[in-house]
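Scroll down for the structure; my scribbles are underneath it.
2 protein chains.
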Amino acid sequence: MSSDALKIIPLGGLGEIGRNMMVLEYGNDIIVIDAGVSFVGPEFPGIDFAIPDISYLIENKAKIRAILITHGHEDHIGALPYVLSELDVPVYSSRLTHGLIAVKLREFGILKESRLNVVEPHTPFTTGNFRVEFFRVCHSIPDAMGIAITTSLGTIVHTGDFKIDHTPVDGKSTDFTSLAQIIAEGALLLLSDSTYAEMEGYTESEQVVGDALERIIGNARGRVMVATFASLISRVQQVINAAVKHGRKVSLIGRSMTNNINMALKMGYLTAPNGTIIGIKEALSLPQGEIVIVATGSQGEPTSALVRIANGEHKDINVVPGDTVILSSSPIPGNETVVAETIDNLFRQGAEVVYSRIALVHVHGHASKEELKMMLNLINPQFFVPIHGEYRHLVAHASIAESMGVSDLNTFVLEDGDVLEIGPYDGSIVDRVRSGKVLVAGRRRLLKPDDKLVKEQRELGKTGVVVVSVMLDAKSGDVLRPVNIIGSGILDVAQGKILENASKVATKSLEKNRNKGLELTDLKSKVTASVSDYFYSETKRRPTILTLIEHI
Amino acid sequence: MSSDALKIIPLGGLGEIGRNMMVLEYGNDIIVIDAGVSFVGPEFPGIDFAIPDISYLIENKAKIRAILITHGHEDHIGALPYVLSELDVPVYSSRLTHGLIAVKLREFGILKESRLNVVEPHTPFTTGNFRVEFFRVCHSIPDAMGIAITTSLGTIVHTGDFKIDHTPVDGKSTDFTSLAQIIAEGALLLLSDSTYAEMEGYTESEQVVGDALERIIGNARGRVMVATFASLISRVQQVINAAVKHGRKVSLIGRSMTNNINMALKMGYLTAPNGTIIGIKEALSLPQGEIVIVATGSQGEPTSALVRIANGEHKDINVVPGDTVILSSSPIPGNETVVAETIDNLFRQGAEVVYSRIALVHVHGHASKEELKMMLNLINPQFFVPIHGEYRHLVAHASIAESMGVSDLNTFVLEDGDVLEIGPYDGSIVDRVRSGKVLVAGRRRLLKPDDKLVKEQRELGKTGVVVVSVMLDAKSGDVLRPVNIIGSGILDVAQGKILENASKVATKSLEKNRNKGLELTDLKSKVTASVSDYFYSETKRRPTILTLIEHI
């Protein structure tokens, strides 16, 4: 690897390449863009979420100049507490993003020692041999930024998550003018959001959602509940606007919703006339036609307010006829089933339920094909790297770039850990560094997906466990009593004699092997194998077998 | 309950009400419509699928006159082997459906004793006090039927799964003429497919898929692989047609695909010029531009041919540049993530991948809103029960019926197990019978979802297991050696002294309780509780704890 070349390394995108973390390296300097978490499915029971494996950054600690954050969503900031406990590096972000990061670091008790910096858009600063300039983009959270990074090789544009919305809720559109000025001398490289590269046309403006919310809230006779993400601050603004227009008060439920919204109100990212936002007790004392309740739970999270309401288990709120529930969100991949169940249960409770499949109550925050073309057209980069998407999204985005005249020799579909080296004239993937996911179980317990413990746990859930307890005479090696067998989670135990027979199988194996002068561990393996084979022959599954041998 | 009224009981729809089984009861006679399986998610590890709980049918065995099957998909026929082993009842179905049922019953070794009957559409027969007439509908499998059932109270129309396709692959449209004749004197009740009641407009014809497949296969330079359901026989016909047109041979891989297609060819439901369908070895010896491979795996099933190909693990087939892979299907809810991974991996292997999100290579087999209106309009029923959908789909369908003038007093959104009683003038839900799912683990192992074993297994996967092995002196009750603790699947064991400390906690609990004259089971509970509390205080999780106490 040439140390003069620019290196681009997506790290721990965890399925979505580069989304949670991107590394740029030039000479002796490294900057990191974003530090987010990703969610893991039910295939990892007991795991809360995953963060990127930052081994590469730890090895190159001395080179890291800054962590730049594009916006305040969990998949871009959620890993910061873990990353900052390993790396003492300044963090740069916009103002609202800074507020969200501060809330998080305070929870972890590391706010004080962290070096957080607020950056205004269009206000360049220098770190190492990078000149960094944030520019405003539209996304489903206010104060989202793309980043232009200039080196002596040229300018790199990282779009962050973006869409082009000419009528956003906060009135702040993607700032193409600033961007055009920044790259007036041409762009070396574009790294651009690929999440919706499969979607034809344009992503609809947030305005259509505002219109729909206003219509639905205006027509509702009874209470209205709106479920959305706690981070979708613009959406909450739209709900507030609609509520105010129709003479309703707004009440927030759910801890993360309340924290985020109060912070956004305090910082001026949300506005509401005095007295609009009230506590839930007060709200429940008002006539039903005068309130809107905003809650989390739009992803069917089992402990969320909405799901408890849907199951009739919420302490304060029961669905009553005349209630309208709006799910202003769409299911994150993997959550489709639980969201559908939540909708079904709300209907069962008697609510009128409005959701994205039947009404325009949600638009997503990412650019569709025509917007991606617009970005490619404006930046007109020499090199192109699609980021922020699963592999097929990157492939789709690469083919959009090709249709816009970017040479396919200069377009690189990367995997996490790939090291792309770009020189003045060409680029190539020259290396692969350690990357991937680190699983977080409980706040600070970090595990690798191939860790023995993680595998054990997954296996247990599939097959159950059998405990084989053996007692041998310490002198003679005689089997002192029938081998004791206990099973848990063995679906076949109901079938009767399986445990009893397994005890016989184990005893037989002991009798056969006990006088062969085997080490204890070897004897244990023999017994374990015999029991495992017996279970397999009976049930076509191999439960986890724990064998205890005692000599007394 | 009046014994003269007509009873409608959806049984074991397992989320989708009535899809897997519907019961009609009139006087002393019962007929059952369909007997299918439903799939269970990763929340039930080790479970293959679910079948309806037929306790109600077993209790009323003597009344059951017939099982009528609408079409040959698994969610309508898959439970037959289990149901027929409990109930000796004749089964009536169309010819192709009969072929698929026979394959299944033969596998279970119960074909000979089963009483299967082939019914031609528009050929009524009588069973008990029901007059039964099948009528042809379009669905994503040939020979799909709706059923008109006439009693002295009036005629009940059950649509089965249907859509209205004026250009279906087999040329056989939904037979409205026959249907209009059957209900010439009016219809008492319509039971109609609600799967796509949320979708505006019309479901597109299979023809658009045929056109897309023909274009993609025509343009491909290298090999083409098409993945679809083994039961989507019409889709395979379209692939064969396109292959023949472009001078390609077709090879089938996957056992279920090969069995179904060979059966359909033999029965004349699929046609292919002689020599078109060849073995995979022969296919792989031909030039790449001359073959189309049809495989299962469109749902990302881990052991399917397509997934093994995508992972580079198939024994015969590697992806090579120039390959085109078409996923002619859309993910079943819950499979979205695995299907997406399969697509990503095929791209990684270098294939061109075409899937329903980016091209019209799949249409679904169910009617959208305008088609549902057409059915309601034609049948113009006195009573309406939406079926075959999750609760929200039924609600959506009910509101379509209301918009078509069906009184909401005469429309019933049922849950599984609800007993709807319909008299000449009105209907009401009068009772609720036992219903729900029975889980199938391995071919013949039946469990209820709330079975202790099922709960144990799910719990194990979430929390892991701890074995506590205690040895006490039989006489004195003294603790003979340090309590032995083994853990498996405990994510926190990596954190060091947890097992060691748990042993101390258990020993302390023993010392404290051993001289209180407790029964062995009570002593065991005390020790177990102390260890459980210790783990909870350390890890905020309660693993499954298995305690063994030996007196020696």
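If you read the protein sequences in the order shown, they are chains A and B. Every number in our numbering is 46 more than the matching position in the first sequence, counting from 1. Every number in our numbering is 46 more than the matching position in the second sequence, counting from 1. Positions of the beta carbon are idealized from the N, C-alpha and C atoms, including for glycine.
Beta-carbon proximity of residue i to residue j, cut-off 8 Å
i: Asn163/B; j: Pro127/B; result: no
i: Thr213/B; j: Ser240/B; result: no
i: Gly58/B; j: Ile113/B; result: no
i: Leu600/A; j: Val513/A; result: Residue 600/A is absent from the model: chain A starts at 47 and stops at 598.
i: Phe180/B; j: Val165/B; result: yes
i: Ala341/B; j: Met303/B; result: yes
i: Leu103/A; j: Val83/A; result: no
i: Ser219/B; j: Asp211/B; result: yes
i: Leu506/B; j: Gly482/B; result: no
i: Tyr248/A; j: Glu461/A; result: no
i: Glu436/A; j: Asp390/B; result: yes
i: Ile531/A; j: Leu592/B; result: no
i: Leu237/B; j: Val431/B; result: yes
i: Asp50/A; j: Asn66/A; result: no
i: Ser374/B; j: Arg281/B; result: yes
i: Ile187/A; j: Leu278/A; result: yes
i: Val285/A; j: Leu259/A; result: yes
Where residue i falls: helix, strand or coil (DSSP)
i: Val365/A; result: coil
i: Lys209/B; result: strand
i: Gly473/B; result: strand
i: Glu461/B; result: coil
i: Phe154/A; result: coil
i: Gly335/A; result: helix
i: Ser48/B; result: Summary for Ser48/B: the model assigns pLDDT 46, below 50, so the residue's position carries little reliability, and this model does not support an answer.
i: Met421/B; result: helix
i: Arg478/A; result: strand
i: Gly20/B; result: Because chain B spans 47 through 598 in this model, residue 20/B falls outside it and cannot be assessed.
i: Gly533/B; result: strand
i: Glu179/A; result: strand
i: Ala341/B; result: strand
i: Thr220/B; result: coil
i: Lys483/A; result: strand
i: His439/A; result: helix
Closer than 8 Å to chain A by CB, residue i
i: Pro367/B; result: no
i: Tyr437/B; result: yes
i: Glu132/B; result: no
i: Val399/B; result: yes
i: Ile404/B; result: yes
i: Leu418/B; result: no
i: Phe393/B; result: yes
i: Met47/B; result: Here the model assigns Met47/B a pLDDT of 40, short of 50, so the residue's position is not dependable, and the following value carries that caveat. Cβ-Cβ to chain A under 8 Å: no for Met47/B.
i: Glu336/B; result: no
Beta carbon proximity, residue i to chain B, threshold 8 Å
i: Met517/A; result: yes
i: Gly73/A; result: no
i: Leu455/A; result: no
i: Glu382/A; result: yes
i: Tyr582/A; result: no
i: Ile262/A; result: no
i: Asp216/A; result: no
i: Pro167/A; result: no
i: Thr205/A; result: no
i: Leu592/A; result: yes
i: Asp390/A; result: yes
Inset, instruction - Write down every uninterrupted run of the beta strand (DSSP E) in the stretch 245–331 of chain A whose length is 3 residues or greater and which is fully enclosed by it, in chain order. - result: 270–273 and 295–299
Inset, instruction - Mind checking the stretch 523–534 of chain B against chain A and listing, in chain order, the residues whose C-beta falls within less than 7 Å of any C-beta there? - result: Asn530, Ile532 and Ser534
Legend entry - Complete runs of the beta strand (DSSP E) confined to the stretch 345–413 of chain B [at least 3 residues]: 370–373 and 398–401
Inset, instruction - Scan the stretch 487–515 of chain B for residues whose Cβ lies nearer than 8 Å to a Cβ of chain A and list them as they occur along the chain. - result: Ala487, Gly488, Arg491, Leu493, Asp497, Leu499, Val500, Glu502, Gln503, Arg504, Glu505, Leu506, Gly507, Lys508, Thr509, Gly510, Val511, Val513 and Ser515
Inset, instruction - Write down every uninterrupted run of the beta strand (DSSP E) in the stretch 59–147 of chain A whose length is 3 residues or greater and which is fully enclosed by it, in chain order. - result: If you keep only unbroken beta strand (DSSP E) runs of at least 3 residues inside the stretch 59–147 of chain A, you get 68–72, 75–79, 95–98, 110–114 and 137–139.
Legend entry - Within 9 Å of chain B by C-beta, residues of the stretch 86–114 of chain A in sequence order: Gly87, Pro88, Glu89, Pro91, Gly92 and Ile93
Legend entry - Entirely enclosed alpha helix (DSSP H) segments - the stretch 493–533 of chain A, minimum 4 residues: 498–509
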